[in-house]
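One structure is given below, encoded as structure tokens.
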Amino acid sequence: MRLGPSPTVHPTASLRDCHLGRYTEIGARTKIAETTMGDYSYISEDGDVIYSAIGKFASIAAQVRLNPGNHPHWRATQSHFTYRASYYFDGEPDEPAFFDWRRSSRVTIGHDVWIGHGVVVLAGVSIGDGAIIGAGAVVSKDVGPYEIAVGVAAKTVKRRFPVSVADRLQALAWWDWEHERLRTALPDFRALPIEAFLEKYES
3 MRLGPSPTVH PTASLRDCHL GRYTEIGART KIAETTMGDY SYISEDGDVI
53 YSAIGKFASI AAQVRLNPGN HPHWRATQSH FTYRASYYFD GEPDEPAFFD
103 WRRSSRVTIG HDVWIGHGVV VLAGVSIGDG AIIGAGAVVS KDVGPYEIAV
153 GVAAKTVKRR FPVSVADRLQ ALAWWDWEHE RLRTALPDFR ALPIEAFLEK
203 YES
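Just so you know, we're using our numbering here: the sequence shown kicks off at 3 and counts up by one.
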């Protein structure tokens with residue numbers, strides 16, 4: 003299969019009020035709502051995403067959940083009959099303010115992020131550019147650029163690159179390059195050590 007400027011969406015996937023960039027791919031049985039996904043990003047099968055902003059070149063594995071359901075735990079009951087009242091009571095509307103609250107706690111995924119199989123990212127969390135989230139992690143706090151976080155609850159265990167290198171990569175912002183420039187640089191992405199890559203393209 004070859005990707006192109008129009009998003010590739012599996013016939014069994016479900017999208018509602020989304021914006022997908024170029025060369026993006028949505029896997030089988032994945033559900034996405036009220037979400038933006040930047041160019042060259044993908045999510046594999048059985049994902050569940052709502053109220054999220056996903057950057058460019060994000061690699062999201064199977065069975066990942068971004069911003070799963072949240073409940074009004076401060077009320078006498080946290081049951082969803084209070085905000086999805088139309089499911090239970092004739093003539094009773096759902097509660098717009100609750101869903102506005104959910105929308106206000108968006109998940110933000112940076113550019114060039116890799117999210118492993120079965121990860122859950124909770125409401126309001128930001129994951130920085132270049133980060134890696136290990137398989138099965140539950141991310142309840144922000145993860146910084148180029149950090150590697152694993153576990154339940156997820157904690158940063160190391161960095162992909164020193165801070166100085168990560169800062170240079172973010173300043174370079176190669177993810178904003180045009181398609182043909184990416185193609186021209188492909189051999190260097192594959193072969194050059196990170197500092198040599200930066201030295202070549204910073205100039």
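Backbone N, C-alpha and C define an ideal beta-carbon position, used for all residues, glycine too.
Cβ shell of A15 (< 6 Å), same chain only, five flanking positions each side left out: Closer than 6 Å at Cβ, skipping near neighbours: I28 and T32.
Counted within 10 angstroms of its Cβ, other Cβ atoms place H73 as buried (16 or more) or exposed: By the neighbour-count rule (16 or more Cβ atoms within 10 Å), H73 is not buried but exposed.
Contact set for R18: own chain, Cβ-Cβ below 6 Å, skip 5 residues either direction: So the list reads A35, once near-sequence residues are dropped.
Nearest residue (CA-CA) to A173, options G132, G23, H12 and H119: Nearest Cα to A173 within the set G132, G23, H12 and H119: G132.
Per-residue burial, H113 [other beta carbons within 10 Å of its own, 16 or more giving buried]: The residue is buried, with at least 16 neighbouring Cβ atoms inside 10 Å.
Helix, strand or coil at K202 [DSSP, three-state]: Looking at K202 - three-state DSSP - the assignment turns out to be helix.
CA nearest to the CA of Q65, picked from H181, G138, R4 and G130: For Q65, the nearest C-alpha among the options comes from G138.
Cβ neighbour criterion (16 or more within 10 Å) applied to R108: Buried: at least 16 other Cβ atoms inside 10 Å.
Three-state secondary structure (DSSP) of W177: In the structure shown, W177 sits in a helix (DSSP, three-state: H, G or I).
Alpha-carbon to alpha-carbon, S43 and A155: Roughly 25 Å separates the two Cα atoms.
Residue span of the alpha helix (DSSP H) that contains D102, given as start and end: Its alpha helix (DSSP H) spans residues P98 to R105.
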